[in-house]
Structure formats: C-alpha cells, structure tokens
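Contents: one structure, followed by commentary.
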Amino acid sequence: MKLQQLRCVYEIVNCNFNVSNAADNLHTSQPGVSKQIQLLEDEIKVKIFVRNGKRLVGLTEPGQYVYEAIDDILKKVKNIRHISDNYASSEDGVFTIATTHTQARYKLPKVVEWFVKQYPNIKLNIHQGNPDQVTDQVEKGVADIGIATESIGLNDKIFTIPCYQWNRILVAPVNHPLNQLDSTITLNDLSQHPIITYDYAFTGSTSVSKAFKQAHLSPNIVLTAIDADVIKTYVNLNLGIGLVAEMAYDKNKDIDLKAIDLSHLFEPSTTLLGLRKDLFIRSFVFDFIQRFSGLKPDDLKEKLEDRV
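Heads up: the sequence shown begins at 1 in the UniProt record's numbering, then just goes up one per residue.
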C-alpha cells in the first residue's frame with residue numbers, strides 16, 4: 001500500500017468521482033490513477049468505488065469507511081510534515097487562514113500586519129467564505145485555522161477558542177424612515193422593510209433567525225451577500241435596509257449611511273478561532289492565535305491542551 005494510492009482515492013472523491021480532474025490535481029495521467037486504484041483494491045480485497053461501466057459514480061459501503069480512514073491518514077501525514085518543518089526551520093512555511101469577509105476586512109488587518117513583519121518568510125494565504133465554507137476548509141485540512149461564528153463551533157472535529165463578542169447594526173440611508181423614529185426600533189419595524197444582509201444570517205441557528213422566529217415574524221430578505229461592503233453598496237442604492245456586523249460600519253467612510261445599534265433585538269455572537277483537534281501547531285501559528293485571541297501564552301497553552 002502506497003501513499004500515492006491513498007491520494008488517488010482522496011482526490012477522486014473530492015473531484016466528485018471525475019478521474020480526469022483527479023489526475024490533473026495529482027499531476028499524473030488518468031490511466032495512472034486508474035491503475036493505482038486497481039492495485040489498492042486488489043491488495044485490500046475490497047471494491048472502493050461503485051462503477052457504471054468504466055465510470056466511477058460513488059463509494060461502496062466499505063469504500064466509505066476506507067475513504068474516511070484515508071482522510072485521517074493523509075491529515076496525519078501532513079502533520080508529520082508540519083512537525084518536520086517546525087524543527088527544520090520555525091520561520092519558513094505556509095500558513096492558511098479561512099475566514100469570513102467581515103473578519104478579513106475589519107478585524108484581521110492589524111494582526112496580519114504584525115504577523116508579516118514578525119515572520120517575513122512565511123507565505124500567508126487568506127481564504128474567504130461564509131461560516132460553513134470556513135468550517136469545511138478547516139475540517140478538510142485546506143486551512144490551518146478558521147475564524148468565523150456559529151457553525152464552526154458545532155463541528156466535533158474542530159477545537160474552538162472564543163475571541164470576542166459582537167452584535168448587529170442597522171445601516172440605512174440618512175433620510176430613511178427608520179432613522180426618523182422617535183422610539184426604539186423593533187423587530188416588527190425591521191420586518192416592514194426589504195432587508196439586505198449576510199447569506200448565512202437566516203440559516204440554521206443564528207441569533208438573527210432565532211429572534212424573528214420567536215417573534216413569529218417573516219422578514220423580507222431581498223438580497224444576500226457574504227461581503228458587508230457589497231451589502232452597504234446596495235443599501236446606498238435604496239434597495240433595502242442593511243443588517244451587518246457592528247465593526248463593518250465606519251462613520252468616516254460610510255457618510256451616506258446611518259448606523260443604529262440592534263443589540264436590544266439580537267443576542268451577541270462570538271467570533272471563534274477554530275483548528276482541527278489533531279493539528280500540529282507550528283510556532284508561528286501559535287503566535288498568530290495568541291495575538292488574535294488576546295490570551296496570554298500560558299493560558300493559550302493550557303487551553304490547547306484540552307483539544308484531545
């Protein structure tokens with residue numbers, strides 16, 4: 001059994017059973033991938049893939065278990081490389097962060113600026129997505145850490161560190177009727193207007209969706225985006241009112257919009273920093289986590305010991 005055979009299985013599944021695409025990702029030929037799969041199946045005496053003629057269309061029942069084992073093995077191989085890299089050179093390597101647009105745009109810049117100065121030889125990659133996409137990248141090992149809210153804390157393969165709490169604000173043109181109210185804004189007030197917000201705000205168990213459900217109200221969502229700047233752009237076009245994170249509003253730049261605090265309507269959300277429980281943490285990753293979370297080094301070490 002060879003690692004290349006395991007990688008072939010992994011890539012085929014992640015390429016939706018397209019052997020040609022898997023071969024491209026592995027920098028080899030399609031017949032070469034097919035041969036490696038056949039050799040592995042012959043060795044373990046189990047058919048991994050369901051076949052329709054020459055096409056692979058899915059995993060067999062034992063194939064699903066084989067794939068899950070391969071996934072774990074390849075992550076451990078990656079960890080071994082991280083350990084080797086850390087002791088060969090603690091100041092070289094690649095560091096990938098998956099995060100939401102709001103975190104990348106409004107909370108990460110100062111920490112990233114510090115990190116780049118501290119570790120000039122580390123290649124830093126920032127992948128943006130919604131919380132579910134961030135969670136998926138961390139779970140699959142595509143990203144070393146993920147920074148998001150909500151769903152990343154629900155995955156049992158990911159260990160999370162609470163970093164800070166935040167809430168939502170309403171953004172609307174200065175002359176919008178909601179900005180003229182003498183009374184405190186209610187959920188009913190919001191539900192009377194078209195709403196522009198994050199694409200994940202009304203899915204799952206977010207505090208926003210919970211609040212409207214508990215009030216038995218159906219908000220009129222006319223547009224969603226993962227980018228707070230996009231939301232504010234369309235609010236400026238009078239397409240609706242915006243619900244965004246409080247850190248996404250800059251009174252010096254967003255001069256055509258007025259922000260109204262909505263913390264009385266929604267429970268606060270907690271930004272979490274997540275990493276796989278089995279991830280070997282290189283020294284520069286530890287330093288980044290410590291800087292972003294604000295924890296003291298000894299407190300962070302103690303917290304990370306709880307991962308297992």
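Backbone N, C-alpha and C fix where the C-beta goes; we use that ideal spot for every residue, glycine too.
The alpha-carbon of G93 is positioned some 28 Å away from that of D156. Looking at the DSSP output, A245 shares a beta bridge with R168.
For R7, no pairing in a beta bridge is given by DSSP. Along the length of the stretch 129-197, whole beta strand (DSSP E) runs at least 3 residues long occupy 145-148, 158-166, 168-173, reported in chain order. Partner residues in a beta bridge of F292, as assigned by DSSP, do not exist. Across the structure, G53 and S34 are spaced so that their CA atoms are roughly 13 Å apart. For I281, there is no enclosing beta strand (DSSP E), since its DSSP letter is neither H nor E. Under the DSSP assignment, T224 falls in the beta strand (DSSP E) whose first and last residues are 220-225.
Going by C-alpha positions, T197 is about 15 Å away from D261. Residue V19 holds the alpha-carbon nearest to the alpha-carbon of F49 among V19, S29, H27. The alpha-carbon of P31 is positioned some 15 Å away from that of E41. Per DSSP, the continuous beta strand (DSSP E) segment holding A98 begins and ends at 93-99. Under the 10 Å beta carbon count, P109 is surrounded by fewer than 16 other beta carbons and is classified as exposed.
Linking D229 to M247 through their CA atoms gives a straight-line distance of about 12 Å.
Counted as a single uninterrupted DSSP element, the alpha helix (DSSP H) harbouring G32 occupies residues 30-44.
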